[in-house]
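This report concerns only the one structure given below.
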Amino acid sequence: MATIFIDQRSYDVPDGMNLLDASLTLGFNLPYFCWHPALGSVGACRQCAVKQFRDEKDMRGRLVMACMTAAAPNTRISIDDPDAREFRKSVGEWLMVHHPHDCPVCDEGGECHLQDMEVMDQQTYRRYRGLKRTFRNQDLGPFVNHEMNRCIQCYRCVRFYRDYAGGRDFDAFFLRDRVFFGRQSDGVLESPFSGNLVEVCPTGVFTDKTLKLHFTRKWDERTAPSICVHCAAGCNTIAGERYGLLRRIRNRFNGEVNGYFLCDRGRYGYEFVNGPRRVRAPRIAGRADAAAPSDAVARAASPLAGGSGAIGIGSPRASLEANFALRALVGPDRFCSGMGAAEHRLVSEVLRLLQEGPAPAASLHDAAQADAVLVLGEDVTNTAPMLALALRQSVRQQPMKAAAALRIPAWDDTAVRNALQDERGPLYIATVAATPLDDVAAATMHAAPDDLARIGCAIAHALDQAAPSPRGALAADAALVGRIAGALRAAERPLVVAGVSLASQAVLDAAARVAHALHAAGRPVRIALVVPECNSLGAAMLGGCDLDDATALLWPGSPLIVLENDLPRRCGADRAARLFERAGELVVVDHTLTPTAERATIVLPAATFAEGDGTYVNGEGRAQRAFQVFVAGGDVQESWRWLRDLMRASGRGGAAAAWETLDDVTGALARELPAFAAVRDVAPPATFRIAGTRIAREPARYSGRTARDANVTVHEPEPPGDPDSALSFTMEGFQAQPPPAQPPSALIPRFWAPGWNSVQSVNYYQTVVGGPLRGGDPGLRLIEPAAPGAPAAAGRAPSAFEPDDRDWLCVPMYEIFGSEELSALAPSVAALAPRAYVALNDGDLHRAGLREGGDAVVASADGTCRLQVRRVASLPPGVAGIGVGLQGAPWMRLPDRARIHPAERDR
Amino acid sequence: MWSVIKGLWVVFLHMFERRATIQYPEEKVALPPRYRARIILSRDPDGGERCVACYLCAVVCPVACIALQAAEDEHGRRYPEFFRINFSRCIFCGFCEDACPTYAIQLTPDFEMAEYRRPNLVYEKEHLLIAGQGKYHGYNYYKVAGVAIGGKAKGEAEREAPPADVRTLLP
Amino acid sequence: MSPSLYAIVILIVILVVLLTVAALLVWFERRLLGLWQDRYGPNRVGPFGIFQTVADTIKLLTKEDWIPPFADRPVFVIAPAIVMVTVLLAFGVVPFAPTVQVADLNIGLLFFLGMSSLGVYSVTLAGWSSDNKYALVGSLRAAAQMLAYEVFMGLSLMGVVMLAGSFSLRAIVEAQRGLWYCVPQLLGLIVFANAGIAETRRLPFDLPEAESEIVAGYHSEYSGMKFGMFFIGEYLGITLISAMAVTLFFGGWLGPWLPPVVWFALKTLILVCGFILLRATLPRPRFDQLMAYGWKVMLPLALLNLAVTGAIVTARA
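Residue numbers (this note's numbering), protein chains in the order written: chain A, 2 to 908; chain B, -2 to 168; chain C, 1005 to 1321.
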């Protein structure tokens, strides 16, 4: 703690802060532009000037930049000083010299940091009458809109894009007042984190291009705290709706998970909610028009009522509540997790590793803090993008110690980067092919999955002689293995990253061995295991069988209930078709008309994450609640409500048939399965009230309430009630604000503070700027490793991979845009999704007689398919990468051996 | 007490004064042009819709009786996809006109808009949009804004320098 | 025509005429206020807007007659009737003409005083039963005001009684054949006029309903025809006080050429116009000013009037 004096009053602030951090933490309004809590200070914009005094006798003082001055003990400053105010105002004025008269047509208007700061500076009038400089804009792809005229040259975009997110295709050009931020030429921004430019930019240079298609102002959005459903990272989001359309996704700060940023899949994947493939009314096969909900439920329930042969197929992309309701409907023995056999086995293995330990799961925050990282087999940029962003920060941890030794404070970004130059900490990546994260790695290794496992085992053996050593030659040299082991052992916070994406048990085992060896060596190791989907871990925790077992369990002719799942994606069209044929009635509860839903006899329209509440367990084991944003039109309701209706109509489910609210479901879940005991406390219950009222989803400025529905009826309809949460659907209720009016962090529907309409208002919701939200970051970890931890897995390392003369080993490859089912339905994401492909290295391309860009036929045990050929030089010989989940890609079991030859046309 | 009596006398004498009342339906009132009644949407001097769908009128409206949705045409010009005013809620405060950055929304002296059915008081864009410029002549928002639209590229607005050449080697 | 039948006919005629007059007064007052304020007042319904009251009555009758759930129901319903009933009963002793009177009681004046002071129950009970802070404040004001002004209202009339030597109103009128009492009893008239305005809760003494501060006071919660009864009661009250003033100070029906009833009506109308002129002119005082005015100015004046009159009457005797 340091005591500083601001305007002659004393305050205690944590050590190591700068004056801007400290002032904002204390709740002062001090304008700034170039500083960002995640990016540190560079002192470029001169906006945060304050007056500093030498001691209490000093009356003159001198102007300093708050962001560049340490909040050392006994620092005396004045924010209110007339000179400082005048200085800040003049900065505000010259920033506005070239700023265009765009606010009415600018998407940033109303949540613009520049607007806020000009108001704070009381700079209200433009005296400049000269010519304004202009720029030509660039087309930066489907996500980000570029309007360079508005730029105030704060450099935050470049600092985020290049320094923080590691993008290379974006920079500052030219000089003087003509500094231009953009790409060398028009084109899609390559970084998968480009969407954050929208939030990082203090004004409207970068705006959300998908929002532009259905633009609405921040004050007009009905928002609720939500969870991203497009990967297992479980990033916290704010979803905004207007006129029944989901308008956009914004970041919701969670210090333990996503911090200030989101990936582009999470930010732009939301459009599936508004998509044309949505199911809005019950459908009964053979009927052209929509069915009444009661008819559909009665029809679906009638075969359930008699026998007990029904099988329920859950889903790793459905909420815990939905899966649990299905489990209650069909019984635990006949509940399937909805994952294919391999995936189910591996995710269960991940669950076991996390539960038994010894290494606890790493949150994204932990990952960013790690000072030595081994990535084994996982292309994190494409399977868990935000983990990649966290790992990019982790490479700064080790060198930062050197900066600290030079007495450079961590927030002094320019000085730190000058001191560190290209110094990077130990991040070792062992994957099948090159990944976008390789540029910051200390060393990379590319090998077949089994060889990766062998590398892992070798590292484990180097750390702990008790671990089995792989026999024969390694795919990496022994010195590197030794270096990796040494770096991990020397680290204060080592991290092992692996996952199920390669569908390789051996890789997972190897990662566990490394973690175990480090633990045995007394290191506080953490492990990050990437699972495929937003609730994969939750589905695995509910138990149940895999899809193969479900097929075996299904008695011919008995009903099959599929919950938010597209089975051909999981087990292939043929197997799914066999399952469907075997089933009597196929009831699908889903929000989207998937191929499975098209085959169904009855489809019940389910709510998406934005239309119903649900709890999701991310890859860290953190349960987080996504709250309903709006009431979907039509007969859409939460999956668990449909399943509850089925219980009522069929007389099954026992006590579960009486469920009325989400709290009933989570309560039953917590009682029935001890692993979920904490799930009720993930968010306050529906009965929670602040000052006797609910928390309003609509901001106080929400407009058009008496005209919105006037074309339909002038009698303003009664707003819907919300039995499931403590939020209200209208602006009536408690308006979330920083203290003393701050709601529990799981229930913050949007960030706003008086005078701060932009995302920057989050500063006032945190215990300290950049730290956790007041009252703790939202979400509860359901899984902590048992002490003292399970013994290391027995068994030997796998034998080395042998390339085959005729066949290739096909392994899955992932695409951030395209591999995930729901986001691929969003037009902007789909525009960047590649065609289904098969990737080979140069030698193998030649061997197979293929050319890049042509078509290849891949023949495996699961049939043949035609795929585009892609050249990936880093793939090991004999290994082919198959793009997973992409449009036009038929399912095939991966990894598997397959023959690859040119398609007829190319021969 | 004297003042009371004097007051009574003065009031009594008003019996012989002219009445100030205008017998409205028979006699019409001469209203000033800035009288605040029926709201219209105007057009710029070139005949384009002035409204750029910035939502400021909607947010400033104290009774929240304005609802609209922004859209953008193929030339990059913003316009309201729909624009609805519920006059059965409107209090004719004129805040919308104050807030409008483009002079699009204006209040006019036409106050004779009573209806027997409330739904008839809900005006859509086709009822609001007039052919002329209304009270404020000559203003064309896009001539001073920095965004490029069809027919006005970057650097062609008033007091704008030509677009910077970011590839030149000269400082 | 038998005397009893005649009495019943008179009674009915008086009742009908009074209610009609009260209703017309509503229109009349609004027109007169308009005249004095350089505007028209209601002039749309019927010729000169004379049917405005009919329209208003239809409106009041068809309005939702709402009783607040928190109100004391029976009292709430009875309260507005009390004011009507007491005022109408008081009219029973008013001699409109030598032959037009319901009952010539020998204590007619005391009956009038008794009835008119009962009217305050209406207001007090209405405010109390409404269970609303503004209504209660209004009714408390009415009670305090009534208590103060009732005292010297009675005292102011004692001079008249002394001069006439009777409480019978007919006898008092007859006693004014030579000289109207407004001359010898000018002080009494002034005090009575002040008390009468306070009694009817008319401007400037309408503090019990002072809409600008206590939102219509005692009848805040009333709607429909219950409110209408308060409304009619007020205008009946104006008529009553005017009629009493005519009877006691302006020679009642006495006058040359014209029939006695017409004289009575004309004089009453002029006094009613006076009431309306007061409303058109004067602002409302503060309540403490009202009370001070009553106790510190009017009461001493009434006592002085009584003492002087007594002395003169004694001296002449």
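We put the beta carbon where it would ideally sit given N, CA and C, even for glycine. On a predicted model such as this, the values are computed, not experimentally measured, just so you know.
Taking only beta-carbon positions, decide if residue i is within less than 8 Å of chain B.
{"i": "GLU148/A", "result": "yes"}
{"i": "TYR1044/C", "result": "yes"}
{"i": "TRP1031/C", "result": "no"}
{"i": "ARG908/A", "result": "Summary for ARG908/A: the model assigns pLDDT 47, below 50, so the residue's position carries little reliability, and this model does not support an answer."}
{"i": "LEU1039/C", "result": "yes"}
In the DSSP output, what is residue i paired with across the bridge?
{"i": "GLY860/A", "result": "Going by the sequence as given, residue 860/A is Ala instead of Gly. BP columns for ALA860/A point to THR865/A and ARG900/A."}
{"i": "PRO190/B", "result": "Shown here, chain B extends from -2 to 168; a query on residue 190/B therefore has no answer."}
{"i": "PRO77/B", "result": "ALA67/B"}
{"i": "GLU242/A", "result": "ARG223/A and LEU247/A"}
{"i": "GLY41/A", "result": "HIS37/A"}
{"i": "HIS215/A", "result": "Its beta-bridge partners do not exist; DSSP assigns none."}
{"i": "LEU91/A", "result": "Note on identity: in this sequence residue 91/A is Ser, with Leu being the wrong assignment. Per DSSP, none; premise fails for SER91/A."}
With a cut-off of 8 Å, does the C-beta of residue i fall near any C-beta of chain C?
{"i": "ALA17/B", "result": "yes"}
{"i": "VAL26/B", "result": "no"}
{"i": "VAL57/B", "result": "no"}
{"i": "HIS124/B", "result": "no"}
Less than 8 Å between the beta carbons of residue i and residue j, yes or no?
{"i": "TRP220/A", "j": "SER704/A", "result": "yes"}
{"i": "HIS1223/C", "j": "ALA1130/C", "result": "yes"}
{"i": "ARG157/A", "j": "LEU21/A", "result": "no"}
{"i": "ALA825/A", "j": "ALA831/A", "result": "yes"}
{"i": "VAL532/A", "j": "GLY500/A", "result": "yes"}
{"i": "ILE78/A", "j": "ALA362/A", "result": "no"}
{"i": "VAL374/A", "j": "VAL498/A", "result": "yes"}
{"i": "GLY17/A", "j": "PRO294/A", "result": "no"}
{"i": "PHE144/A", "j": "TYR269/A", "result": "yes"}
{"i": "ILE285/A", "j": "LEU561/A", "result": "no"}
{"i": "VAL588/A", "j": "PRO38/A", "result": "no"}
{"i": "ALA459/A", "j": "ALA801/A", "result": "no"}
{"i": "LEU1207/C", "j": "ARG1283/C", "result": "yes"}
{"i": "ALA158/B", "j": "LYS58/A", "result": "no"}
{"i": "LEU1173/C", "j": "LEU1113/C", "result": "yes"}
How about residue i: is its C-beta nearer than 8 Å to some C-beta of chain A?
{"i": "PRO106/B", "result": "no"}
{"i": "GLU112/B", "result": "no"}
Apply the 10 Å Cβ neighbour rule to residue i and answer buried if 16 or more other Cβ atoms are within range, or exposed otherwise.
{"i": "SER42/A", "result": "buried"}
{"i": "TYR429/A", "result": "buried"}
{"i": "PRO110/A", "result": "In the sequence as displayed, the identity of residue 110/A is Gly instead of Pro. Per the 10 Å Cβ criterion, buried."}
{"i": "MET387/A", "result": "buried"}
{"i": "GLN53/A", "result": "buried"}
{"i": "VAL1079/C", "result": "exposed"}
{"i": "ARG908/A", "result": "In this predicted model, ARG908/A has a pLDDT of only 47, less than 50, meaning its place in the structure is not dependable enough to derive any value."}
{"i": "TRP1040/C", "result": "buried"}
{"i": "PRO755/A", "result": "exposed"}
**Study point:** Residues within the segment 687 to 707 of chain A neighbouring chain B, beta-carbon criterion of under 8 Å
**Key:** Within the segment 687 to 707 of chain A, the qualifying residues are ARG702, TYR703, SER704, GLY705, ARG706 and THR707.
Exercise for review: Identify each residue in the segment 1266 to 1299 of chain C for which the Cβ-Cβ distance to at least one residue of chain B is less than 9 Å, and report them in chain order.
Suggested key: From the segment 1266 to 1299 of chain C, only GLY1278, LEU1281, LEU1282, ALA1284, THR1285 and LEU1286 have a Cβ closer than 9 Å to chain B.
Review point. At a Cβ cut of 7 Å, what residues of the segment 70 to 94 of chain B count as close to chain A, listed as they run along the chain?
Key: Of all residues in the segment 70 to 94 of chain B, ARG75, ARG81, ILE82, ASN83, SER85 and ARG86 have a Cβ within less than 7 Å of some Cβ in chain A.
Practice item. Please list the residues of the segment 156 to 182 of chain A that have a C-beta atom closer than 8 Å to any C-beta atom in chain B, keeping them in chain order. Key: Across the segment 156 to 182 of chain A, CB contacts with chain B closer than 8 Å involve PHE174, PHE175, LEU176, ARG177, ARG179 and PHE181, in sequence order along the chain.
Check your understanding: At a Cβ cut of 8 Å, what residues of the segment 30 to 50 of chain B count as close to chain A, listed as they run along the chain?
Key -> Within the segment 30 to 50 of chain B, the residues whose Cβ lies closer than 8 Å to some Cβ of chain A are VAL49 and ALA50, listed in chain order.
Point to revise | Residues of the segment 760 to 774 of chain A with Cβ closer than 9 Å to any Cβ of chain B, in chain order | key: If you check each beta-carbon in the segment 760 to 774 of chain A against every beta-carbon of chain B, none falls closer than 9 Å.
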